[in-house]
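Counting from 7, one number per residue, gives the positions in the sequence shown under the working numbering.
Glycine is no exception: its CB is placed at the ideal position from the N, C-alpha and C atoms.
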Amino acid sequence: MQFKAIIFDLDGVICSTDEYHYRAWKALADKLCTPFDRVINNRLRGVSRMASLEIVLEKYTGPALTDEEKLALATEKNEIYRESLKEMSTADLSDEVKNTLDALRARGLKLAIGSSSKNAPFILRQIGLEGYFDAVSDGNNITHSKPDPEVFLKAAEFVGMEPKDCLVVEDAVSGAEAGHNAGMKVACVGDAAKNGAGDWNLTSFRELENVVG
Ligand code: B16
Ligand code: MG
């Protein structure tokens, strides 16, 4: 087989939290009287919380914000977002994703998470995948966000594999760049696939079984 490990992005690949992110950022933007829509929300895919806030503030015209105020705003967004995450359940993990993961594992591949999100452990618990992956590398163990390769290099290290033996699965263009920057091949789904950002651009998650050969 071409690969020994697969590193999955979480939001947008294993499950979808787009709508929850959108609602939380929208509530914050409304409070700041700054425009925010789904086009801007799309740009936040795979981007860290603080970098996302900077994008949300691009059209903000109110009084200048200190770093402390920005941190408080990001925390406020996260509290709204965490409330929504409580609504998630095992119903948010599709049969297609779960069956494909099980099939890949049965072929002897190590499976890991490589997510920018500090909420990754909570989301995995909500959708019934706590303890499922061989390793979880997420926003809690990195200092540089995608497209920096750190999150994927850490994931490879956690499962004891060389980057060349790892396949990254991503839905964000910045995430696909991070995978390539890590020296890994990348299979894309969703937005990143539509942009042709991957070595494989898939129309369904189950096609991953063909990618690994
Ligand atoms: P948090 P991923 C990313 O997760 C999301 O796509 C992105 O929208 C979010 O801003 C980022 O996590 C940080 O999330 O605020 O929960 O730490 O796609 O890399 O799994
Ligand atoms: Mg993603």
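- Endpoints, beta strand (DSSP E) assigned at E6: This structure cannot settle anything about residue 6, because the visible part of the chain is limited to 7 through 219.
- Quick one: Cα of R273 to Cα of V217, how far? Given that the chain is displayed from residue 7 to residue 219, the structure contains no residue 273 and the question cannot be resolved.
- Message: Quick check on the DSSP output: the beta strand (DSSP E) that includes L117 runs from which residue to which?
- Response: Taking the sequence shown and counting its residues from 1, the one referred to as residue 117 is at position 111. L117 -> beta strand (DSSP E) spans K116 to G120.
- Message: Can you check which of these residues, R49, R111 and K32, is closest to A198 by C-alpha distance?
- Response: The residue labelled residue 198 in the question sits at position 192 within the sequence shown. Comparing Cα positions, the closest option is R49.
- Query: Which stretch, first to last residue, makes up the beta strand (DSSP E) that contains K10?
  - Reply: The count along the sequence shown starts at 1 and reaches residue 10 at position 4. Here K10 belongs to no beta strand (DSSP E), and DSSP marks it neither H nor E.
- Item | 8 Å Cβ cutoff met for S121 and D144 | Position 115 of the sequence shown, counted from the first residue, corresponds to residue 121. Position 138 of the sequence shown, counted from the first residue, corresponds to residue 144. When the beta-carbon positions are compared, S121 and D144 come within less than 8 Å of each other.
- Query: How far does the beta strand (DSSP E) with L173 in it reach, from first residue to last?
  - Reply: Locating residue 173 in the sequence shown gives position 167, counting from the first residue. Element bounds for L173: C172 to E176.
- Task: Give me the Cβ distance between A112 and F139, rounded to the nearest whole Å; I'm assuming they're in contact under 8 Å.
- Result: Within the sequence shown, the letter at position 106 stands for residue 112. Within the sequence shown, the letter at position 133 stands for residue 139. The pair is not a contact, with the Cβ atoms about 15 Å apart (cut-off 8 Å).
- Only counting runs of 4 or more residues, tell me where the alpha helix (DSSP H) segments fall wholly within the stretch 42-66, in order along the chain. Listed in chain order, they are 44-48 and 55-62.
- Would you report the Cα separation of P155 and G114, rounded to the nearest angstrom? Mapped onto the sequence shown, residue 155 falls at position 149. Mapped onto the sequence shown, residue 114 falls at position 108. P155 and G114: Cα-Cα distance of roughly 25 Å.
- Reference F9, options A162, A178 and N207, closest by Cα: In the sequence shown, residue 9 corresponds to position 3, counting from 1. Per the Cα distances, A162.
- For A78, does the count of other Cβ atoms within 10 angstroms reach 16, so buried, or fall short, so exposed? Numbered from its first residue, the sequence shown carries residue 78 at position 72. Flag for A78 reads exposed.
- Bounding residues of the alpha helix (DSSP H) (the contiguous stretch that carries K160): Position 154 of the sequence shown holds residue 160. Start and end: E156 to F164.
- Message: Helix, strand or coil, according to DSSP, for A193 in the structure here?
- Response: Taking the first residue of the sequence shown as position 1, residue 193 is located at position 187. Reduced to three states, the DSSP call for A193 is strand.
- Message: Quick check on this structure: which residue in F14, I20 and K76 has the alpha carbon closest to the alpha carbon of A35?
- Response: By 1-based counting over the sequence shown, the position of residue 35 is 29. When each option's Cα is compared against that of A35, the closest is K76.
- Does any heavy atom of the ligand B16 sit closer than 7 Å to the C-beta of K32? By one-based count along the sequence shown, residue 32 stands at place 26. Not so, every heavy atom of the ligand B16 lies at least 7 Å from the Cβ.
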